[in-house]
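Enquirer:
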Amino acid sequence: MADYETHRHDVLVIGAGGAGLRAAIEASASGVSVGLVCKSLLGKAHTVMAEGGIAAALANVDDRDDWRVHFADTMRGGQYVNNWRMAELHAKEAPARVRELEAWGAVFDRTPDGRILQRNFGGHRYPRLAHVGDRTGLEMIRTLQDRGVHQGMDVHMECTVTSLLVDDGRVVGAFGFDRPRGRFKVFEARAVVLATGGIGRAYKITSNSWEYTGDGHALAYEAGADLMDMEFVQFHPTGMIWPPSVQGILVTESVRGEGGILTNKDGRRFMFEDIPEAYKGQTADNEEEGWRYTQGDKAARRPPELLTRDHVSRCIVREIKEGRGSPHGGVYLDISWIKKRLPNAEEHIKRKLPSMYHQFKQLADIDITRDPMEVGPTTHYVMGGVRVDAETQMSTVPGLFAAGECAAGINGANRLGGNSLSDLLVFGRRAGEHAARFARESGPGRIDPARVDAAARQAVEPFERRDGHADGPYRVQHDLQEMMQDLVGIVRNESEMRRALEGLQTLGERSRRVPVDGNREYNPGWHTALDLPNLLTASEAVTRSALERKESRGAHFREDFPDKDPAAARFNVVVRKAAEGEMRVERVPIPEMPGELRQVIEEMK
Amino acid sequence: MATATFRVRRGDAQGGRFVDYTTEVAEGMVVLDAVHRIQAEKAPDLAVRWNCKAGKCGSCSAEVNGMPKLMCMSRLSDLPLDKPVVLEPMKAFPLVKDLVTDVSWNYAVKKAIKPFKPRPPDAPDGTWRMAQSDVDRVQEFRKCIECFLCQDVCHVLRDHRLYDGFIGPRFLVHVAALEMHPLDVEDRLPALRGSATATSRSAARRCARRGSPSPTTPSSRSRNGWWTGSTTPCGSCFG
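The structure is reproduced here in structure tokens:
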């Protein structure tokens, strides 16, 4: 019998970024008891790094904006394979969620008449992102954290969940351990919300921290839930590339929103050369108009630097591949040029982009008010995740909910910048509400002691491995990251992805031999060994889904199928664990969009 | 490739020792990169807390050559590498293991501070109006990333261990941020006078260290040259 502490909550939320906190607040507000598990300290989750802002059609800056425009922008950005109902709910509910955040103490930048200011961002027709400088995520997570803690919930900091406990097809709890001491914990819960974020650590160049190992994806998959859209991995166009140790760290899209331009080594603004058909009507065709747009001219169209992230990333890759890149293998992102247009440009840049200014100064010895930055694409976000019901966020397994990055649907083939923070709020709230309702309507679940014992054995098994020749956990993780970057990255093809599947097989075998030194107290080697199976599951899901989608759409680009296939706009790719244990891939038809939403999209074309 | 040696405090509350690790260093590396390299090559169970690696989350606080630092923002090129770089955990908090300390006291302190309470909405649609200048005024106080390094260097906590009587610079700044919030109507000052500073005021007056080491300083006054050995009180605690 394993030795463990037991915690009982009506609703257990796994993950304490924006989505997890918002879910926990909503569940707790409805009167049920809530446990909140975070892998790190509270307030350090990836939401804290979000820079640009929260997309919501408040129409404070441009009164032509409303939910219909936001909905159409989101669908266009997602290349129409989004869950249209989620995109609709998101566009309709985001403004209320932002105002609520203000009522809870968040301080946003203001318009001249004192309302919440909104900024431009890629793929959004009008200035739409509520923000505070370039540290919106910090403001958001602190606000939610303080609200949550005072409202009342049990927070389990630095705690890793390794399995979900299932009883008769329903999720009834979770098994994990506290990282500082390595002691086991069993959580009994009537409903569980996954809010574990992404899978960025499956790639070598990423803006994601160590935490983003696809835990929620893997937990859901192992519990029998469907994962959807896993082929869509977002490579953000602008990550730092030099010096090597900072490779992948994000450079916010707000740099471009504030007028920053992308140039190649010849000084050419290459984004003007490739504007997709769907965006031609709303994109500036000359530099003058682009500049006027960033300065708030409502008659101007947006500059091509603010096209969607998938497209901008591919344009950057093309420049580099064709020999027009910067010395360290990227392109230039220049905000300093605005001094030709603005008096006081230096002060303006420091005020609007303070953390970018600081980041480059400190880490790369570059003063962005004087010199251009060198940037290149970085793995940033996964559109795919747990397949959920749009209204309730419940997965295909009763009692299991998901929200935020680890859920699929809202973003389709490509997420627009700023839609992540609003997604967290809108669907975090919905997940919390419906998980609480589910908990109230369900009896307690039965925790199977044999299952707990098995989970405990599995968690400590790496300590018993005695293969002196096996590679350590960091080596295996590193090799996985290199392989996914090379074979299932921004540009994909059949033969490379087949090789990746074979590689995953080998890495799986290696991961099961990884030895772990030391004891269970705060042992990163052990933690990394336990992350590996999750990363491997997520990577396999990405690869198999990417093989299944034989076209190029949004963030998924295949050089062997470089065009969009209209037939492929009618399905999502879903993976689930088959009875025999292997990963099964399936195409699931996208339900017909109601006439009124179709009409909205037509009108906004 | 050049190498450097890192003298890392290993061990837990029961005891420990310094262990030297020599590893390769390259252009642009920060201390946290070196720690990761040591983990991957020599000491897989070396405990370190980190997340964003971009100076935004405030997790990787430690003492580098005796100075409180975020390891992700400490460039090796700013350190003398001809002798070992000494890495130690924060001293003001109980040690968990190696470079990781138990900072949960900070969370308990924050929970005890009265939360934000807004005035009634200004507009019929339930929203408020604020001037950008009022927003700007509180920014310095709101951009704290809670690395707790100011707590670590505050001698009231570090040396005098007055955890029951003093909330530390971080939370004085937090209270200031709430009090200066353009919409807030709560009054936290009586509580602050009563318990937060009374027992430690004289100790705080003797504070000889200046400000916070984090890039996001708790107060603009402390931005220059913290912990310079100057005898000027740091001032963070008294706003």
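So the sequence lines, in the order shown, correspond to chains X and S.
Using this note's numbering, the first residue of the first sequence is number 662, and each one after it goes up by one.
Using this note's numbering, the first residue of the second sequence is number 33, and each one after it goes up by one.
Glycine residues also receive a C-beta, built at the ideal position from the N, C-alpha and C atoms.
Here the structure is a predicted model, which means the values were calculated and not measured.
1. Could you tell me the distance, in whole angstroms, from the CA atom of residue 748 of chain X to the CA atom of residue 1129 of chain X?
2. Any C-beta of chain X sitting closer than 8 Å to the C-beta of residue 178 of chain S?
3. Can you tell me which of the three DSSP states residue 173 of chain S falls into?
4. Please compile the residues from chain X whose C-beta is within a distance smaller than 9 Å of the C-beta of residue 97 of chain S.
5. Spatial neighbours of residue 1250 of chain X within its chain, please: C-beta separation below 7 Å, excluding the five flanking residues on both sides.
6. Step through the CB atoms of chain X and report whether any lies within less than 8 Å of the CB of residue 56 of chain S.
7. Using the three-state DSSP reduction, which class does residue 779 of chain X fall into: helix, strand or coil?
8. For residue 139 of chain S, would you say it is in contact with chain X, using Cβ-to-Cβ distances shorter than 8 Å as the test?
9. With 16 as the cutoff for other CB atoms within 10 Å, does residue 1138 of chain X come out buried or exposed?
10. Determine the direct distance from the alpha carbon of residue 933 of chain X to that of residue 1033 of chain X, and round the result to whole angstroms.
11. Would a check of beta-carbon distances place residue 1182 of chain X closer than 8 Å to chain S?
12. Do you know how far the Cα of residue 1125 of chain X is from the Cα of residue 100 of chain S?
13. Could you give the uninterrupted runs of the alpha helix (DSSP H) lying entirely in the region 839-900 of chain X, keeping only those of 4 residues or more?
14. Taking beta-carbon pairs under 7 Å, can you tell me which members of the region 697-710 of chain X lie near chain C?
15. Please name the residue or residues paired with residue 1250 of chain X in a DSSP beta bridge.
16. Kindly list, in the order they appear in chain S, the residues whose Cβ is closer than 9 Å to that of residue 1185 of chain X.
17. Out of curiosity, what's the CA-to-CA distance linking residue 867 of chain X and residue 1040 of chain X?
18. Taking Cβ-Cβ distances shorter than 9 Å, what residues in chain X pair up with residue 158 of chain S?
19. With a 10 Å radius around its C-beta and 16 neighbouring C-beta atoms as the bar for buried, classify residue 674 of chain X as buried or exposed.
20. Are the C-beta of residue 1016 of chain X and some C-beta of chain S separated by less than 8 Å?
21. Can you tell me the Cα-Cα spacing of residue 680 of chain X and residue 34 of chain S, whole angstroms?
22. Confirm, please, whether the CB-CB distance from residue 1203 of chain X to residue 872 of chain X is below 8 Å.
23. Under 7 Å, CB to CB, which of the residues in the region 186-218 of chain S have a partner in chain X?
24. Between residue 231 of chain S and chain X, is there a C-beta pair that is closer than 8 Å?
25. So, helix, strand or coil for residue 820 of chain X, using DSSP?
26. Kindly indicate which three-state DSSP category residue 112 of chain S falls into: helix, strand or coil?
27. With 8 Å set as the bound, which would you pick, yes or no: does the beta-carbon of residue 1130 of chain X sit closer than that to a beta-carbon of chain S?
28. In three-state terms, what does DSSP make of residue 1085 of chain X?
29. Would residue 791 of chain X and residue 717 of chain X be called neighbours here (beta carbons separated by less than 8 Å)?
30. For residue 246 of chain S, collect the residues of the same chain with a Cβ closer than 6 Å to its Cβ; drop the 5 residues on either side in sequence, then sort them by chain order.
31. Measure the Cβ-Cβ separation of residue 951 of chain X and residue 937 of chain X and say whether it is below 8 Å.
32. Does residue 93 of chain S come out as helix, strand or coil in the three-state DSSP assignment?
33. Given 8 Å as the limit, is there contact between the region 1065-1079 of chain X and the region 1041-1056 of chain X, that is, 3 or more CB pairs closer than that?
34. When you compare the CB of residue 910 of chain X with every CB in chain S, is at least one pair closer than 8 Å?
35. To the nearest angstrom, report how far apart residue 604 of chain X and residue 884 of chain X are at their CA atoms.
36. Of all Cβ atoms in chain S, is any one closer than 8 Å to the Cβ of residue 1134 of chain X?
Expert: The relevant details are as follows:
1. Separation of residue 748 of chain X and residue 1129 of chain X (C-alpha to C-alpha, rounded to the nearest whole angstrom) is 52 Å.
2. yes
3. Residue 173 of chain S falls in the helix class under three-state DSSP.
4. The contacting residues do not exist; residue 97 of chain S stays about 18 Å from chain X at best.
5. So the qualifying residues of the chain are 1231, 1232.
6. Not one beta carbon of chain X lies nearer than 8 Å to the beta carbon of residue 56 of chain S.
7. strand
8. yes
9. buried
10. 19 Å
11. yes
12. 38 Å
13. 876-883
14. Here chain C cannot be found, since the structure's protein chains are X and S.
15. Looking at the DSSP assignment, residue 1250 of chain X forms a beta bridge with X:1232.
16. 71, 76, 77, 78, 79, 80
17. 4 Å
18. 760, 764
19. buried
20. yes
21. 44 Å
22. no
23. 213
24. Model confidence at residue 231 of chain S stands at a pLDDT of 48, short of 50, so the residue's coordinates are unreliable and nothing is read from them.
25. Residue state for residue 820 of chain X is assigned as strand, using DSSP reduced to three classes.
26. coil
27. no
28. Looking at residue 1085 of chain X - three-state DSSP - the assignment turns out to be helix.
29. yes
30. Model confidence at residue 246 of chain S stands at a pLDDT of 38, short of 50, so the residue's coordinates are unreliable and nothing is read from them.
31. no
32. Of the three classes helix, strand and coil, the one that applies to residue 93 of chain S here is strand, per DSSP.
33. yes
34. yes
35. Chain X is shown from 662 up to 1266; residue 604 of chain X falls before or after that span and cannot be answered.
36. yes
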